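**Student:** Just dropping this structure here.
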Amino acid sequence: MKRIALVMAALMLILSLASCGLLGGEKTFTVDSLTITVKGMFSEQNELNEEYDLILISPKAGVMILKETFAEFEEVNLDTDMSVKEYAQIVMKGNQLTGAPTEEDGQTYFTYTAESDGTEFTYMGFCFRGTDAYWLVQMYCPTEDFETIKPDFMTWAKSVTFA
């Protein structure tokens with residue numbers, strides 16, 4: 001009887017945490033005019049790199065968001081009327097990434113791998129155009145988990161909206 005009560009108490013705790021979103025529910029984040037919805041135990045970690053406008057970290061993945069205003073593009077004589085694909089090509093060239101952007105299911109993105117502290121990570125860099133800026137939304141996870149998490153990355157990218 002005591003064991004059943006303990007199991008029931010543990011189950012109730014897990015269910016209550018799940019209903020609060022603490023075990024991977026959807027959570028929406030906004031930075032300037034961009035809003036994104038992700039699923040998992042994400043928290044803002046903006047202090048990790050001041051270059052990015054928003055950094056989200058979870059135990060399984062990360063999201064880094066960078067806003068590049070049209071004014072910044074004009075300062076270096078870059079066209080602000082370029083397509084999202086052209087923006088992706090500029091980002092790739094600027095970061096010395098080879099290949100070409102992929103256009104899939106309404107999304108424009110590129111992928112690459114990089115190592116950090118002995119772990120290889122795979123990144124998907126989704127590119128967007130807002131009303132006053134281009135946006136780079138990079139999602140990453142350990143390479144060994146990438147094929148499993150990639151559908152989530154696509155879903156999160158599709159959730160991006162602009163106010």
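In this text, residue positions in the sequence shown follow the numbering used here: the first is 1, and each later residue adds one. Where a beta carbon is used, it is the ideal one built from N, C-alpha and C, also for glycine. From a predicted model like this one, the values you see are computed outputs, not experimental measurements.
1) Under the rule that 16 or more other beta-carbon atoms within 10 Å means buried, what is T98, buried or exposed?
2) If contact is defined by three or more beta carbon pairs under 8 angstroms, each pair taking one atom from either stretch, is the region 34-46 in contact with the region 144-156?
3) Whose C-alpha, out of M82, Y112, G125 and F146, is nearest the C-alpha of T131?
4) Quick check on this structure: which residue in W156, E103 and G125 has the alpha carbon closest to the alpha carbon of T111?
5) Leaving out five residues on either side along the sequence, give the residues of the same chain with a beta carbon under 6 angstroms from the beta carbon of I90.
6) Take the Cβ of L22 as the centre, count every other Cβ of all protein chains shown within 10 Å, and call the residue buried at 16 or more, exposed below.
7) Here's a check: name, in chain order, each residue in its chain whose Cβ is nearer than 7 angstroms to the Cβ of T119, leaving out the five neighbours to either side.
8) Please classify V76 as buried or exposed, where buried requires at least 16 other C-beta atoms within 10 Å of its C-beta.
9) Report back the beta-carbon spacing between W135 and I65 to the nearest angstrom; my notes put them in contact at under 8 angstroms.
10) How is V160 classed by DSSP in three states: helix, strand or coil?
11) For T30, is the classification buried or exposed, using 16 other Cβ atoms within 10 angstroms of its Cβ as the cut-off for buried?
12) If you draw a straight line from the C-alpha of E44 to the C-alpha of F162, how long is it?
13) Let me confirm a value: A100 is counted as buried when at least 16 other C-beta atoms fall within 10 Å, else exposed. Which label applies?
14) Alpha carbon to alpha carbon, what distance is there between L54 and S33?
**Tutor:** Straight from the coordinates:
1) exposed
2) yes
3) M82
4) G125
5) none
6) With a pLDDT of 44 at L22, under the threshold of 50, the modelled position of this residue cannot be trusted; read the value that follows with caution. Exposed is the call here.
7) P142
8) exposed
9) 7 angstroms
10) coil
11) exposed
12) 19 angstroms
13) exposed
14) 12 angstroms
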